[in-house]
Every structure is written in structure tokens, then in C-alpha cells.
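Student: When we follow full-length UniProt numbering, the leftmost residue of the sequence shown carries the number 1, and every step to the right adds one. Cβ coordinates follow ideal geometry from the N, Cα and C atoms, glycine included. Supplied in C-alpha cells, the structure appears directly below.
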Amino acid sequence: MVNFTVEEVRPETDTPRLLYETVVPSTLWVLTSNRIDPSIDGPSRQHPRSRKVYFDRLDGATCGCITIKSTAISLYAHLSDPEDIKDIPQKVDGNEFLINLIDSPGHVDFSSEVTAALRVTDGALVVVDCVSGVCVQTETVLRQALSERIKPVCIINKVDRALLELQVSKEDLYQSFARTIESVNVIIATYFDPALGDVQVYPYKGTVAFGSGLHGWAFTVRQFAVKYAKKFGVDRNKMMERLWGDNYFNPKTKKWTKVGEHEGKQLERAFNQFILDPIFKIFNAITHSKKDEISVLLEKLEIKLSSDEKDLEGKPLLKVVMKKFLPAADALLEMMVLHLPSPVTAQKYRAETLYEGPPDDEVCIGIRDCDPKAPLMLYVSKMVPTSDKGRFYAFGRVFAGTVRSGLKVRIQGPNYTPGKKEDLHIKAIQRTILMMGRFIEPIEDVPAGNIVGLVGVDQFLLKSGTLTTCETAHNLKVMKFSVSPVVQRSVEVKNANDLPKLVEGLKRLSKSDPCVLTYISESGEHVIAGAGELHLEICLKDLEEDHAGVPLRVSDPVVSYRETVGAESSITALSKSPNKHNRLYVKAEPLAEEVSNAIEAGKDQPP
């Protein structure tokens, strides 16, 4: 169902102050795609010029209820409340916003997908499980985001499980939220970057959302603060501060206090009283089928149900009521627009980490200013397979200049050196497209600050690279992956006549996945290396069903081990020649990082 056209969206791409590039790197079992789809459903109904597009649900898109492929979509939304516009810390030129959202995996085996998504975004919605809390992968995702100078906001997911399965009390749930947020902030503080500033997340600032992706509802403290500020006629910012932490409202004195006790009686925490209480009442009434109480609650909360919805019971009714009471779309759009930077803001502090060249040349200045009239600088972070077998869309971000169909560009691979012709191709871009979930939309041109898909450049890039119109431009820096392809499996065809198809399929597989490695071993076997067993399983499935299209025999997984020197040896070894006239002293120490990088890049080779 298309509710807006590319022609309507195109003017917004010219206004980078109204543009947001956001990635959603989730942690394992958070059901990122389930959480994102309801968020799209909401603005589609509420905002007539938004688009309802669901993320890829093909067999290769999810595995065991987790996302395994990054998927991009463009959302078009607006803020109707003038007070909301005032709360945006950066300068904006209107109240309509184009949000480029990328749903990315949370499993450690697919961290390369997160890395590729982070390069083309400016903000991250980090999803944390309410029940299991912060895990190792949460730290990995945050470390990756902060190293790319991506500003994070946090979503605490699966709150429905805490209420339905664990049946926690309001205070226990608050304490669980507080511990989770503290753990996230400890990680953010560990990787503090002065250029990024303080990006720790706080509920009273509106940078933390709570909700259920499976049920499609979420809220921020700010949303409730706005409601209560209107109701009681108080300042919304003061209300936000009071709705989190050790703040209590004394119903007898009608005053706020920091002390949780009055005349020997325990006062209820403001967060529990004003935010959790209505949610707990809804859950309790619906799960216990208290129809009279449900009717009273729906009337008080101004929730209207259709005749079909009124016939629902249990979880289906709970899901409908909570989605109407606290639609996830409102909470997520609010966080993105109010607290994540636009390309104009973000590229000012990201330029030096993105560009390999000097900070004062025209290209770097164009990136820093997000200038659509500067020389084109576009980074391709990954290849996306097309419906035409063997062809790919080059997916990337325009950091400076404007890319358009037919434009002749310099396609610079990762090994390109300025002034040389190695890893350089000069070709024209056939078409420019917008990525809309599992659909694509052709667009005439795309200016700085936007993400884009390109047709016709996949033949000249393996996985990633830089596109530019400036002859003196250096490359945009190569992405650093947090995982390496260490688990290997050899593959062979069952029918020898299919060997050419396997060879071609391996080339396509290598291009389609940022982290997979394919090579021929010394024994002549074709080997595929991935980040883990699950990653390899998905790669082999794609190879057999899509890229090669032939039946394969696969070996058991093997993990490659390497030994190295961890620290300088404490003793010096001595060896003498047979005639005792020569002595050889030896000690071991780690190689300098620069030497290791040069060896990996192939710049230093043994004679």
C-alpha cells in the first residue's frame, strides 16, 4: 500500500536538516524485525503521507526469530506540535522529516551487517532485552557505534514478558529498568569520545524508550510528561525530571518530595504511580477478563475499539489496546527526531573519522558541510542482490555532492592510492534508486546526507568502495569489522559438470556478504570462511539455493587457530655456533600495530 510517492519525498532529500539516518542494531533474541514492523504500521495510519512497507520476510531474512540481513527503508513523517519543534536541539527548517531506517542483526555472527549499516547512518536505536539485560553483544554494538561517532538512544524491549511471565511488581520493574540503563551508560562511558560529547542515555531526557516489539507498543517518559503537563498546567521539562528517579508525589500535601516516606507510610515512586500504574491496570484487567474494569479504563484513557476488536479477549485484546494507548511509532519517531542528529550536524564531527585525506582539502570540507554542490563523495558499504541473478545494487551513503543517473564517477576500491590507477575504474552510474524494504523506487538524483542504491557499479567493486567525481580525492576509510571469518567449511559439487557454477556462485557469495571469505586451499578445495557456524549455515544455504543453484557436499566446520606473541619475553635466549666463536641472542616481542596492518593489507611481504 503506497501512500506517498517519490516525487513527494524528493524535496525532503534536499533539506538535510530534516533528514535522519538511523540504524537499529539489536541484541540476540530481541526480535528486531517484529519490533520495527509495528512501528511502521503506526505512522502509516496516522500520517497519510507515510508508507507502510514491511521488512523482508523471505527465508533468508530471518532465522530462528532473529534478523540476519540488514534492510533499509525510508519513512516520511511530521511533528504537528510546535512545542516538539522547540525541543529539537539542532536547527530545523520545518516540521516534516525524512527518516532513513536500517534494521540490522544483533547476533554476533552477523556483526559485519551492523558495521556496514553504521557507516551510512548517524544515529542508533540500541535495543536491550528487559528480561536478560545487557549482554556481550550489546557492548560490541555500542563500541562499534561510538567508534564511528554514531549517537545512540536506547529501547528496553520485551516489557510484556516482565509483566505476563515474570509478573514483577512496579518497583521491581523500575529497578530492573534502572540497572539496565546504568549498564548501558557504563559501556558508553568506557568508550567516551570528546568529539561526540556526553551521549549517555537518560529516561528523564527522553533518550530511553520502554516497550514490546512483539505487541507493537512503546513509550518514553517525555510522552507521559507532556500528557500530565497539559493536565496539571505545569512545565513539561520539570515534569520529565520528576517522572524518573527518587521523586514522589504526596497526595495528602499535594507536593513533590525526594523522600519516599510520609508519616510512617511508604509513598509510591512517581514513575510507578504515573506511568506504570495505568499499564499494570490494563494488563491486570485484560488478563483476568474484568470486563467492567476494562470498559472504565478504556473510557478514562480515551481508547476507542471497533466492534470486531471489542470481541477479542486475552493477549489479542491486550495487544490491540496497548497499540492504541502507546503506539510504538510515536515513541520511536519522537526519539529519532528530537535526540538523533541530522546529517548536517553529524558530519561536522564525523568527517575526520571518515576521510583518509587531509582535513583541509575541498573534499573533506564538502563532507563536513554536507554540501550537495561539492564534489561527489559516496561510500558503498555493501552489495544487495537483485532479482537478476548475479547482479547487485551498490548500497551506500552520499556524504557530499549529488549522485544522479548517468553521472560519470571514479570508482575507487579499498586498495586505491591517489595518483595511481590501481583499483580504479571510471564509469557511468546507470540508475539511482531508493531502498524501500523489499521494494525499490527509482529516483532521479540523491543529494548529500541520503542513503541510496546504485545500479551498474557492482561489476567494479567487490564488497565496498568510494565513488567520487574529484580526481584528487582520497578514499573514505575502510570499515573495521569486529568479527573475522575464522570458521571454515570446504564445499564441492556432487556433479563435476557443475564446477563452473560453483566457482561463479562463490564469487557472488563473496560480493553479497561483507564478512564472508572464499578461497582455494593448498589441496585444491574450495573453502568458505565465516564469523561463526550460524553465519556459515546461512552462507551455504544462499550459495546452494541462489548463487550457484547446484547441489553441494559440505565438510564439517573447522576453526582456524593462530599463535602469536602476546608480550615481550622476560629472558633473552642464547645460541652458540659449533666453534663457539659466534653467539646469537634472541628475544620475542609483539609486532607494532602499523606493521601488522601493513602485512594484512599486503604492503609488507617476505622477500
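(1) Residue range of the alpha helix (DSSP H) that C539 falls in?
(2) Ends of the beta strand (DSSP E) at N157?
(3) Do the region 179 to 195 and the region 123 to 143 make contact, defined as three or more Cβ pairs closer than 8 Å?
(4) Starting from R397, follow the alpha helix (DSSP H) in both directions and report where the run begins and ends.
(5) Near P557, what residues of its chain come up, given a Cβ to Cβ distance below 8 Å and the 5 sequence neighbours on each side ignored?
(6) Closest to T220 by C-alpha separation, out of D235, G233, V201, would be which residue?
(7) Which same chain residues end up closer than 7 Å to Q347 when comparing Cβ atoms and leaving out the 5 residues on each side of it in sequence?
(8) Assuming W217 contacts M322 (C-beta within less than 8 Å), just tell me the rounded distance between them.
(9) Check the C-beta distance from V550 over to L502 and give it rounded, since I have them as a contact under 8 Å.
(10) Can you find a heavy atom of the ligand ZN that lies under 6 Å from the Cβ of T287?
(11) Mapping DSSP to helix, strand and coil, what is A124?
(12) Could you spell out where the alpha helix (DSSP H) holding R508 opens and where it closes?
(13) Could you spell out the range, first to last residue, of the beta strand (DSSP E) harbouring Y228?
(14) Does DSSP put Q175 in a helix, in a strand, or in coil?
(15) For S569, I'd like the list of residues in its chain whose CB is within less than 6 Å of its CB, leaving aside the five on either flank, ordered along the chain.
(16) Which value, in whole angstroms, describes the spacing of the CA atoms of T345 and D198?
(17) Would you kindly report the start and end of the unbroken beta strand (DSSP E) that includes D292?
(18) By DSSP's criteria, Y76 is part of a beta bridge. Which residues make up the other side?
(19) Measure from the alpha carbon of M479 to the alpha carbon of each residue in V446, Y191, D445, P414, then state which is nearest.
(20) Assuming L332 and A209 make a contact with CB atoms under 8 Å, what is their CB distance in whole Å?
(21) According to DSSP, is H262 part of a helix, a strand, or is it coil?
(22) Would you call the CB atoms of L552 and E545 closer than 7 Å?
(23) Could you check if Y355 is buried or exposed, using at least 16 other CB atoms within 10 Å of its CB as the buried criterion?
(24) Leaving out the 5 sequence neighbours to the left and right, which residues in its chain are closer than 8 Å to I275 when beta-carbon positions are compared?
(25) Beta strand (DSSP E) containing R431: first to last residue?
(26) Pick from P105, G260, L462, G133: whose alpha carbon is nearest that of L506?
(27) Find the nearest neighbour of P359 within the set P251, A473, V457, D330, judged by alpha-carbon distance.
(28) At the level of alpha carbons, what is the spacing between I155 and G211?
(29) Where A351 and T115 are concerned, what is the direct C-alpha to C-alpha distance, given to the nearest angstrom?
(30) Could you tell me the distance, in whole angstroms, from the CA atom of F177 to the CA atom of K291?
(31) In the structure shown, what three-state DSSP assignment does S405 receive?
(32) Check whether the Cβ atoms of N100 and I433 lie closer than 7 Å to each other.
(33) Could you give the residue range of the alpha helix (DSSP H) that holds G314?
(34) Using three-state DSSP, classify T27 as helix, strand or coil.
(35) Can you look up Q488 in the DSSP assignment and give me helix, strand or coil?
(36) Of all the options L318, E241, Y174, which has the alpha carbon lying nearest to the alpha carbon of L214?
Tutor: With the structure as the only source:
(1) Its alpha helix (DSSP H) spans residues 533 to 542.
(2) The continuous beta strand (DSSP E) containing N157 extends over residues 151 to 157.
(3) Yes, they touch.
(4) Segment 392 to 400 is the beta strand (DSSP E) holding R397; no alpha helix (DSSP H) there.
(5) Hits under 8 Å: V487, Q488, R489, E533, L536.
(6) Residue V201 is the option with its Cα nearest to T220.
(7) Spatial neighbours of Q347 in its own chain (CB-CB distance under 7 Å, excluding positions within 5 residues in sequence) are listed in chain order as I367, R368, C370, F399.
(8) Contact annotation, W217 with M322: C-beta distance approximately 4 Å; criterion of less than 8 Å satisfied.
(9) Going by Cβ atoms, the distance from V550 to L502 rounds to 6 Å, so yes, they are a contact pair.
(10) Because no ligand of any kind appears in the structure shown, any question about the ligand ZN cannot be addressed here.
(11) Strand.
(12) The continuous alpha helix (DSSP H) containing R508 extends over residues 499 to 512.
(13) That residue, Y228, is in no beta strand (DSSP E); its alpha helix (DSSP H) goes 221 to 232.
(14) Of the three classes helix, strand and coil, the one that applies to Q175 here is helix, per DSSP.
(15) For S569, where only same-chain residues beyond five positions count, the Cβ hits under 6 Å are K587, A588.
(16) When rounded, the distance between both Cα atoms is 15 Å.
(17) Where D292 is concerned, there is no enclosing beta strand (DSSP E), although the alpha helix (DSSP H) it sits in stretches over 291 to 300.
(18) Under the DSSP definition of a beta bridge, Y76 partners with L98.
(19) Per the Cα distances, P414.
(20) Contact holds; Cβ gap of about 7 Å.
(21) If DSSP states are grouped into helix, strand and coil, H262 belongs with the strands.
(22) Going by C-beta atoms, L552 is not nearer than 7 Å to E545.
(23) Label assigned to Y355: buried.
(24) These residues qualify, in order along the chain: F219, V221, F224, L243.
(25) Element bounds for R431: 431 to 436.
(26) Of the residues P105, G260, L462, G133, the one whose Cα lies closest to the Cα of L506 is L462.
(27) The candidate whose alpha carbon is nearest that of P359 is A473.
(28) Rounded to the nearest angstrom, the two C-alpha atoms are 7 Å apart.
(29) Spanning the two alpha carbons is a distance of roughly 17 Å.
(30) The alpha-carbon atoms of F177 and K291 are separated by roughly 31 Å.
(31) Three-state result, S405: coil.
(32) Not a contact, by the Cβ cut-off of 7 Å.
(33) Residues 314 to 325.
(34) Low confidence applies here, because T27 scores a pLDDT of 40, under 50, leaving its location unreliable and the question unanswered by this model.
(35) Three-state result, Q488: strand.
(36) Closest by alpha carbon: L318.
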